[in-house]
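Next comes the structure, spelled out in structure tokens:
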């Protein structure tokens, strides 16, 4: 009995540390506990080093739990700056993110998670619809959703990063918009079924 009680007590700080979910009403966001409007004060977070063997790597998950020595001090600075939301790039859904997401929650930081990554089949392709929606992309989106939807401080998911920069014959991204809409439709249907 004492052992069970100590396990329950050990879990209490973690359960009470989670941020309240943010809800959308119309075109605004609100704190689900207080009802107050939530305004994003955010930044992109991808702490790739400027030199060394990882300086040229673009598909690396810096927010995984095995990089606490990197993101831990950064979260403290973000908290001091008043950041309440960060945008993650190139997450690896097969890695653990519990420590990172808990640390973000304790710092009062919500997370926007990018579903795309710069790997083959992991993002919108620079070809016209329907070929711009790679076959593997939906599987990746499901994996990212499953990995991050469990956290109350996951604010949103992004299916494409700067689609206006994806040029098909100089069109500034218009040719891939049907694929992005299809991705949004598919992940919404998937999320609604979970």
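Numbering (the working numbering), first residue to last: 9 to 202.
Even glycine gets a Cβ: it sits at the ideal position worked out from N, Cα and C.
By a C-beta neighbour count over all protein chains shown, 10 Å radius and 16 as the cutoff for buried, is residue i buried or exposed?
{"i": "residue 157", "result": "exposed"}
{"i": "residue 112", "result": "buried"}
{"i": "residue 10", "result": "Residue placement at residue 10 is flagged as unreliable, the pLDDT there being 37, under the threshold of 50; a coordinate-derived value is accordingly withheld."}
{"i": "residue 40", "result": "exposed"}
{"i": "residue 125", "result": "buried"}
{"i": "residue 167", "result": "buried"}
{"i": "residue 196", "result": "exposed"}
{"i": "residue 102", "result": "exposed"}
{"i": "residue 69", "result": "buried"}
{"i": "residue 142", "result": "buried"}
{"i": "residue 140", "result": "buried"}
{"i": "residue 47", "result": "exposed"}
So, with DSSP's three-state summary, where would you put residue i?
{"i": "residue 210", "result": "Absent from the structure is residue 210, since the part of the chain shown begins at 9 and ends at 202."}
{"i": "residue 159", "result": "coil"}
{"i": "residue 183", "result": "helix"}
{"i": "residue 194", "result": "helix"}
{"i": "residue 83", "result": "helix"}
{"i": "residue 167", "result": "coil"}
{"i": "residue 103", "result": "coil"}
{"i": "residue 199", "result": "helix"}
{"i": "residue 218", "result": "As displayed, the chain neither begins before 9 nor continues past 202, which places residue 218 out of reach and without an answer."}
List the residues that DSSP assigns as beta-bridge partners of residue i.
{"i": "residue 118", "result": "93"}
{"i": "residue 30", "result": "39"}
{"i": "residue 53", "result": "96"}
Would you mind stating whether residue i and residue j have Cβ atoms separated by less than 8 Å?
{"i": "residue 44", "j": "residue 118", "result": "no"}
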